[in-house]
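Participant: For what it's worth, the numbering used here labels the leading residue of the sequence shown as 47, then goes sequentially.
The structure follows.
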Amino acid sequence: MPVFKPFKAYRPKPEFAAKVAAKPYDVLSSEEARIEAKDNPLSFLHVGKPEIDLDPSIDLYDPRVYEKGRENLMKFISDGILEQDPEPYFYLWAQTMGNRTQIGLVGCASVDDYWNDKIKKHEKTRKDKEEDRCNHVRVTNAHTGPIFLTYRDNPEIDSIVAKIIETQPIYDFISEDNVRQRVWVIKDKETIDKIQNIFERMDCFYVADGHHRSAAAAIVGRERQQANPNHRGDEEYNYFLAVLFPASHLMIMDYNRVVKDLNGNTKEEFINKISKIVDIEEQNSRFKPTKKGEIGMYLDGKWYKLTIKPEYFKNDDPVERLDISILQNHILAPILGIDDPRTSKRIDFIGGIRGLEELEKRVNSGDWAVAFAMYPTSIDELMQIADAGKIMPPKSTWFEPKLKDGLFVHFLD
47 MPVFKPFKAY
57 RPKPEFAAKV
67 AAKPYDVLSS
77 EEARIEAKDN
87 PLSFLHVGKP
97 EIDLDPSIDL
107 YDPRVYEKGR
117 ENLMKFISDG
127 ILEQDPEPYF
137 YLWAQTMGNR
147 TQIGLVGCAS
157 VDDYWNDKIK
167 KHEKTRKDKE
177 EDRCNHVRVT
187 NAHTGPIFLT
197 YRDNPEIDSI
207 VAKIIETQPI
217 YDFISEDNVR
227 QRVWVIKDKE
237 TIDKIQNIFE
247 RMDCFYVADG
257 HHRSAAAAIV
267 GRERQQANPN
277 HRGDEEYNYF
287 LAVLFPASHL
297 MIMDYNRVVK
307 DLNGNTKEEF
317 INKISKIVDI
327 EEQNSRFKPT
337 KKGEIGMYLD
347 GKWYKLTIKP
357 EYFKNDDPVE
367 RLDISILQNH
377 ILAPILGIDD
387 PRTSKRIDFI
397 GGIRGLEELE
407 KRVNSGDWAV
417 AFAMYPTSID
427 ELMQIADAGK
437 IMPPKSTWFE
447 PKLKDGLFVH
457 FLD
């Protein structure tokens with residue numbers, strides 16, 4: 047079944063790990079990345095978002111951007127910041143945010159498993175973003191950011207992990223987002239073989255976060271396969287960098303929405319129309335949903351609790367039962383005119399890590415008319431949808447903590 051194999055990671059020497067570890071490329075704008083990496087020449091943002099080292103006027107997809115990423119990566123290696131392990135290993139990565147820890151195994155997943163749907167997806171990808179990541183992989187010849195995968199909990203894996211975390215980690219530091227990052231190197235051949243065998247008995251893995259990265263890895267891997275007349279199937283380009291977490295460790299946060307205007311409706315008309323879909327209760331303070339079926343709404347300086355009426359959950363399709371789908375299909379599209387949230391300029395998405403304050407700030411600025419605070423999609427819902435071969439609405443899940451770039455690099459040859 048699905049393949050998960052050890053690899054010879056390029057990774058930072060322990061004394062550099064905290065400086066190298068960086069936010070993933072897609073959570074920062076170029077300007078934010080410039081500021082974050084300004085006083086840190088070791089930040090992996092110089093590889094993941096290499097435009098920060100070029101003139102700000104340059105197009106993000108200019109070939110010089112990818113070439114700069116390759117140049118910076120090679121310099122990290124030639125300067126001895128990153129070193130390659132002598133043998134293929136697995137790695138254990140524990141991230142502690144607040145009082146919660148998620149522990150994943152770092153290794154390489156299979157390109158063929160991606161195409162054969164042994165690695166299940168739940169999001170559509172955008173061609174422009176796919177091509178951007180493809181070019182980054184092609185030019186750097188490396189996977190520089192891990193794909194966040196999950197699997198149904200397995201007690202055998204849990205037992206192995208429990209023993210490893212009792213030992214001394216190779217890395218142990220607090221990253222800039224106040225998350226404790228610990229990494230162990232798994233060198234024991236017997237343990238490596240056992241981990242591989244357990245995963246091979248599973249039915250599938252799921253992409254939790256990193257759909258564009260995984261698509262790019264699979265596309266470039268297939269290109270390499272087709273271009274190699276002596277292709278065997280065991281070359282490194284057949285695999286991509288991934289971290290596998292048990293489902294019970296993951297926390298999906300809310301992914302909230304703000305809309306520019308009420309689509310020609312007055313406040314009263316809008317509230318009257320949505321009252322057919324939800325029960326509305328005005329609140330005296332901020333309202334954060336506490337269970338499925340609840341939505342917080344901020345409109346004209348006031349918070350409201352919206353409770354979706356039961357009949358909207360009477361659907362056999364797991365996608366249609368999502369709170370986000372009900373909001374999109376019955377309020378955002380027909381009432382507010384947001385027919386395609388992927389392309390509409392009248393909607394924006396705000397990760398729950400930024401809090402309800404950000405929703406208030408957007409609406410109070412006058413640039414946005416209404417905000418919706420969502421209850422998070424569950425990991426069970428994600429798996430049900432992926433198992434059914436269906437696609438979630440865009441921006442349905444926000445995972446925290448994010449995986450850092452730079453702690454592991456996998457080269458394609």
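Note that the Cβ used here is the ideal one computed from N, Cα and C, for glycine as well.
Owing to the predicted nature of the structure, the values given are computational and were not obtained by experimental measurement.
Tell me Arg228's beta-bridge partners as DSSP assigns them.
Facilitator: Ala140 and Asp218
Participant: Mapping DSSP to helix, strand and coil, what is Gly401?
Facilitator: helix
Participant: Taking the alpha carbon of Leu67 as the reference point, which residue from Lys54, Met47, Phe50 and His92 has its own alpha carbon closest?
Facilitator: It should be pointed out that residue 67 corresponds to Ala in this sequence rather than to Leu. When each option's Cα is compared against that of Ala67, the closest is His92.
Participant: For Met248, does the three-state DSSP call read helix, strand or coil?
Facilitator: coil
Participant: Check for me: the alpha helix (DSSP H) holding Phe122 runs from which residue to which?
Facilitator: Pro109 to Ser124
Participant: From the DSSP output, in three-state form, read off Arg146 for me.
Facilitator: strand
Participant: Give the secondary structure of Asn243 by DSSP, where H, G and I count as helix, E and B as strand, and everything else as coil.
Facilitator: Helix, per DSSP.
Participant: Out of curiosity, what's the CA-to-CA distance linking Ser294 and Pro48?
Facilitator: 20 Å
Participant: Is there contact here, the stretch 197-204 with the stretch 168-181, by at least three beta-carbon pairs under 8 Å?
Facilitator: no
Participant: Are at least three pairs of beta-carbons, each pair with one atom in the stretch 266-282 and one in the stretch 299-319, less than 8 Å apart?
Facilitator: no
Participant: Since Asp325 is in the beta strand (DSSP E), which residue starts that stretch and which ends it?
Facilitator: Val324 to Glu328
Participant: Just grab the DSSP bridge partners of Ser89 for me.
Facilitator: None; Ser89 has no bridge partner.
Participant: What does the Cβ neighbour count give for Gly126, buried or exposed, with the cut at 16 atoms within 10 Å?
Facilitator: Burial call: exposed.
Participant: Helix, strand or coil for Ile437? Go by DSSP, reduced to three states.
Facilitator: coil
Participant: What are the boundary residues of the alpha helix (DSSP H) that Leu373 is part of?
Facilitator: Asp369 to Leu373
Participant: From what residue to what residue does the alpha helix (DSSP H) around Pro292 run?
Facilitator: From DSSP, Pro292 is part of no alpha helix (DSSP H) but of the beta strand (DSSP E) over Tyr285 to Pro292.
Participant: Taking C-alpha atoms, which residue in Thr336, Tyr160 and Ser124 lies nearest to Ala261?
Facilitator: Tyr160
Participant: Apart from the five residues on each side of it in sequence, which residues of its chain come closer than 8 Å, Cβ to Cβ, to His376?
Facilitator: Ile323 and Tyr358
Participant: So, with DSSP's three-state summary, where would you put Ile396?
Facilitator: Annotated three-state conformation of Ile396 is strand, per DSSP.
Participant: With a threshold of 7 Å on Cβ separation, who are the neighbours of Lys114 within its own chain once the five nearest residues in sequence on each side are excluded?
Facilitator: Pro96, Asp99 and Leu100
Participant: Answer with buried or exposed for Pro292, where buried requires no fewer than 16 other C-beta atoms within 10 angstroms of its C-beta.
Facilitator: buried
Participant: State yes or no: is the C-beta of Asn181 nearer than 8 Å to some heavy atom of the ligand ADP?
Facilitator: Questions concerning the ligand ADP fall outside what the structure shown contains, since it holds no ligand whatsoever.
Participant: In the DSSP output, what is Phe180 paired with across the bridge?
Facilitator: Note on residue identity: the sequence assigns Cys, not Phe, to residue 180. In DSSP, Cys180 forms no bridge with anything.
Participant: Return helix, strand or coil for Ile317, following the three-state DSSP convention.
Facilitator: helix
Participant: Given Asn224, which residues of its chain have a CB within under 8 Å of its CB, disregarding the five upstream and five downstream residues?
Facilitator: Met143
Participant: Excluding the 5 residues flanking Thr353 on each side, which residues of the same chain have their C-beta closer than 7 Å to its C-beta?
Facilitator: Val324, Asp325, Gly339 and Glu340
Participant: Using three-state DSSP, classify Pro58 as helix, strand or coil.
Facilitator: strand
Participant: Since Leu195 contacts Ala288 with CB under 8 Å, what's their CB separation in whole angstroms?
Facilitator: Here Leu195 really is in contact with Ala288; their C-beta atoms are around 5 Å apart, less than 8 Å.
Participant: When you compare only the Cα positions, how much space is there between Val231 and Ile384?
Facilitator: The straight-line gap from Cα to Cα measures roughly 48 Å.
Participant: Asp255: buried (16+ other C-beta within 10 angstroms of its C-beta) or exposed?
Facilitator: Residue environment: Asp255 is assigned as buried (16 or more neighbouring CB atoms within 10 Å of its CB, all protein chains considered).
Participant: With a threshold of 16 other CB atoms inside 10 Å of the CB of Pro60, please say whether the residue is buried or exposed.
Facilitator: exposed
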